[in-house]
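Undergrad:
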Amino acid sequence: RDKWRQGIAIEAARAMAQFAFARLRAEVLYAVCQPENKASMGVMVKLGMHYRGIEDWYGMKVTTYTLSADQWRRPTAP
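Number 31 in my numbering belongs to position 30 of the sequence shown; there are no gaps in the numbering.
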């Protein structure tokens, strides 16, 4: 908890996305979390991911987000 709210999670998520899209040439990334985990959802949104909904993954209901390589590479407005 002493590392919470320091931007470490979004920094790690950006590095992971860059690696996945540039080096692994992934076409899409998916992220899941428990529906009550607002902090993880915040990281997904800051990364530019888009909400898909509540889905069954790993035998449980989870909140899902996705980000395509095209969305990642698209420049953001100032």
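Backbone N, C-alpha and C fix where the C-beta goes; we use that ideal spot for every residue, glycine too.
Whole angstroms is fine: what's the gap from A78's alpha carbon to S69's?
TA: Low local confidence applies: a pLDDT of 48 at A78 is under 50, so the model's placement there is unreliable, and no value is given.
Undergrad: Take I11 and list the residues in its own chain whose beta-carbon comes closer than 6 Å to its own, dropping the five residues that flank it on each side.
TA: V44 and K47
Undergrad: Could you check how far apart the C-beta atoms of T64 and H51 are, in whole angstroms? I think they sit under 8 Å.
TA: Contact between T64 and H51 does not hold, since the beta-carbon distance rounds to 12 Å and is not under 8 Å.
Undergrad: If you check the beta carbons only, do W73 and A18 fall under 7 Å apart?
TA: One thing to note: W73 has its Cβ within 7 Å of the Cβ of A18.
Undergrad: For P36, which residues from the same chain have a beta carbon less than 8 Å from its beta carbon, with the 5 sequence-adjacent residues on both sides left out?
TA: Excluding sequence neighbours, P36 sits near I55, K62, V63 and T64.
Undergrad: So what's A48 in DSSP terms, helix, strand or just coil?
TA: First, the residue type needs correcting, since residue 48 is Leu and not Ala in the sequence shown. L48 falls in the helix class under three-state DSSP.
Undergrad: Quick check on DSSP: helix, strand or coil for E37?
TA: Three-state DSSP puts E37 in coil, outside helix and strand.
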